[in-house]
Amino acid sequence: MIAEETPLPPVAAGCHPELGCASRLLGVSRTEQAGRYVVAREPVSAGDTLVVEPAYAACLLPDKFGSHCHHCFARLNAPVACPECSGLAFCSVACRDEACRSYHRYECHYMDLLIGSGMSILCHVALRMLLVSCHVFPACLSEEELLIGSLLLRHLQLLQFNAHEVYETRIEAPRQLRTSKTEYIGVAIYPTMALYFVGHSIVVRATRPLGSGDIVAENYGPVFTKRSLDSRQRALSSRYWFRCICQACTENWPALDMVDNNDFRLWYECPTPGCKKLLAMPGNKSNQSSAKQGVKCPACKKHVRHDEALATLVNCQAWFKEGIEAMEVGDVDVAIRLFCSYLDSMHSVGFPPHKDILLCQEALRICMADSGNVWSSLSHVSCELEPFQGISAQSFSDEIVKGKEKEKDVQKKMNHGRDEEYRDKEKERDVQKKALRQNEEY
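Using this note's numbering, read the sequence shown as starting at 1 and increasing by one per residue.
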């Protein structure tokens, strides 16, 4: 799918007056411990689009030069060449001209040198941030050149914490999102949001409801469903220099394969007007009779029945099942609507960790990614070992095991090929030795 053919969605509730690319629902707070961070100023529902922002600078990975547009990252159908170099291509004349007017006229003759130097993609982005609005400097060292050097250093330092990997979703069966994988194609400037890209413009959408003042958190990589608390904290402190204090970390939530739906904590707000007390509802089968009878609210002293909360749970189970079925047949819009209804309602009667909620959030993320960079590889057989990012109705661990088994099979084939090559060389040496002996005897 070409990036320009996919329209960017509008942000929910209109644009923020100060954060130009963000929704009015968001705001910025600051604490000594966390520094600046984004919070919800008003209630946010699952599925709300919170940020839509084009990248200030974006660089394509060198191994994608032959398959993606160097400027907008769209898949190449009829490549347009640069008039000066042959190592990359553009999807259109417009992209070529725009690149050649700005950064590419400086990079063009030095691209092989930049790649051959071994510099990282973040170093390239730091350079690109200057080249998008650059002019030629004289040969002598000047204050302007010193300023450029200091800006490069600053960009290299901030990109470690403020860059995003641009992904493309690859679908390997007709509209079967469960077989989709995400592939890293470049870099551009417990999560509450899902990220996807249209070209190299980022789109941020909520994956669960948020109340006023709740932090709008992003996943920095090590998610609690797959890695232990100690492992996550070590990774974050070594690379990003902070200790995470999200709910999953402070409460040390278990990994996904250890989460049980029966562990769900059923809490809901007292329905009495003006009362905000959270009430607990028995969730196991032995307490169903007491659940129907209800409880006395300790705050307003009113008797509250659990019938409405129980009905919500029944509806949620139906929405989740129907959403998975819609996802299976590729009806993405219906699946997103059902998953958002499920998440909004489930968070009104309880709190995670809950296995179905976590699976629903992952399914919602995959469905949302279908609105971004998508490429169908139906006509190709892919043998690349890519990280699995799909959804399993049972557990993510099943797919991880399959991925490891696939990797072992590929490694066995590679080793088998090396063994055959080694045997062929040994046979060739034996023939040469035999020929030498015959010549000496002669």
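No residue lacks a Cβ here, since even glycine has one placed at the ideal position from N, Cα and C.
Since the structure is predicted, the reported quantities are computational estimates derived from the model, not experimental observations.
Paired residues, beta bridge with Lys296 - DSSP: DSSP, once it has assigned bridges, lists His303 as partnering Lys296.
Give every residue of the same chain whose Cβ lies closer than 6 Å to the Cβ of Val11, excluding the five residues on either side of it in the sequence, and list them in chain order. Cβ neighbours of Val11 beyond the five flanking positions: Ser23, Thr49 and Val52.
Tell me, please, which residues DSSP counts as bridged to Val223. Per DSSP, Val223 has no beta bridge partner at all.
With a CB to CB cut of under 8 Å and the five nearest residues on each side skipped, what residues in its chain are close to Ser444? As displayed, the chain neither begins before 1 nor continues past 442, which places residue 444 out of reach and without an answer.
For a test of the three-state rule: what should DSSP assign to Ala188, helix, strand or coil? Summary for Ala188: the model assigns pLDDT 49, below 50, so the residue's position carries little reliability; its value from the coordinates is reported in the next sentence. Strand.
Please report the distance separating the alpha-carbon of Phe90 from that of Trp253. The alpha-carbon atoms of Phe90 and Trp253 are separated by roughly 46 Å.
My parser needs the beta strand (DSSP E) runs of 3 or more residues fully inside the segment 12 to 55; what are they? Listed in chain order, they are 26 to 31, 35 to 40 and 49 to 54.
Inter-residue spacing [alpha-carbon to alpha-carbon] between Val132 and Pro7: Take the alpha-carbon of Val132 and the one of Pro7: they are about 24 Å apart.
Nonlocal neighbours in the same chain, by C-beta distance under 6 Å from Pro209, ignoring five residues either side: Closer than 6 Å at Cβ, skipping near neighbours: Ser45, Ala46, Asp344 and His347.
What residues in its chain sit with their C-beta under 6 Å from that of Ala235, if we drop five residues either side in the sequence? Closer than 6 Å at Cβ, skipping near neighbours: Pro222.
Helix, strand or coil for Cys100, going by three-state DSSP, please let me know. It is helical.
Compare the beta carbon distance of Lys277 and Cys246 with 9 Å and say whether it is the shorter of the two. Not closer than 9 Å, so no.
Hey, out of Met368, Tyr342 and Val166, whose CA is closest to His68's CA? Closest option to His68, Cα to Cα, is Val166.
Cutting at 7 Å between CB atoms, please list the residues of its own chain near Cys211, excluding the five before and the five after it. A small correction: the amino acid at residue 211 is Gly; Cys does not occupy that position in the sequence shown. The beta carbon of Gly211 sits closer than 7 Å to the beta carbons of Ala40 and Pro43 from its chain, once the five residues preceding and following it are set aside; these are given in chain order.
Assuming Cys108 and Arg96 form a contact by the criterion Cβ under 8 Å, report the distance between their Cβ atoms to the nearest whole angstrom. The beta-carbon distance between Cys108 and Arg96, rounded to whole angstroms, is 11 Å. This is too long to meet the 8 Å contact definition.
The beta strand (DSSP E) with Leu195 in it runs from where to where? Met193 to Val198 is the extent of the beta strand (DSSP E) around Leu195.
Tell me the DSSP secondary structure of Trp447 in three-state form. This structure cannot settle anything about residue 447, because the visible part of the chain is limited to 1 through 442.
Helix, strand or coil: how does DSSP classify Pro7 here? When DSSP states are grouped into helix, strand and coil, Pro7 belongs to the coil group.
Within its chain, find whatever has a CB closer than 8 Å to the CB of Ser231; leave out the 5 residues flanking it on each side and keep chain order. For Ser231, where only same-chain residues beyond five positions count, the Cβ hits under 8 Å are Pro222.
Check whether the Cβ atoms of Trp319 and Ser341 sit closer than 9 Å, and answer yes or no. In this structure, the beta-carbon distance from Trp319 to Ser341 falls below 9 Å.
Can you tell me which of the three DSSP states Ala248 falls into? Residue state, collapsed to three classes: helix.
Just checking my contact of Met327 with Ala363 at CB under 8 Å: how many whole Å lie between their CB atoms? In this structure Met327 touches Ala363 by the C-beta definition: roughly 6 Å separates them, less than 8 Å.
The beta strand (DSSP E) enclosing Val374, as first and last residue numbers: From DSSP, the beta strand (DSSP E) with Val374 extends over Val374 to Ser376.
For a test of the three-state rule: what should DSSP assign to Phe90, helix, strand or coil? Residue state, collapsed to three classes: strand.
Looking at the C-beta of Leu343, does it have a partner C-beta in chain D at a distance below 9 Å? You won't find chain D in this structure, because it holds only one protein chain.
With 16 other CB atoms within 10 Å as the buried threshold, where does Val216 fall? Classification for Val216: buried.
Give the C-beta separation of Lys296 and Thr272 to the nearest angstrom, bearing in mind that I take them to be a contact with Cβ-Cβ under 8 Å. That belief does not hold up - the Cβ atoms of Lys296 and Thr272 are roughly 11 Å apart, past 8 Å.
Rounding to the nearest angstrom, what Cα-Cα distance links Arg487 and Gln361 in this structure? Outside the shown range of the chain (1 to 442) lies residue 487, about which nothing can therefore be said.
Please tell me whether Leu88 and Met111 are closer than 9 Å, where the distance is taken between their beta carbons. Closer than 9 Å, so yes.
Could you tell me which of Gly372, Glu269, Cys123 and Leu195 sits nearest to Pro298, measuring between CA atoms? Out of Gly372, Glu269, Cys123 and Leu195, Glu269 has the C-alpha closest to the C-alpha of Pro298.
Between the CA atoms of Val259 and Gly390 - distance to the nearest angstrom: In this prediction, Gly390 has a pLDDT of 30, which is less than 50 and means its spatial position is unreliable; nothing more can be read from the coordinates.
Can you tell me the Cβ-Cβ gap for Ala194 and Arg305, rounded? I've got them flagged as a contact below 8 Å. So it is not a contact: roughly 36 Å between Cβ atoms.
With the cut-off set at 9 Å, would you say Ala34 and Leu25 are in Cβ contact? At a Cβ-Cβ threshold of 9 Å, Ala34 and Leu25 do not count as neighbours.
Under a three-way DSSP split, which group does Ala255 fall into? In the three-state scheme derived from DSSP, where H, G and I count as helix and E and B as strand, Ala255 is classed as coil.
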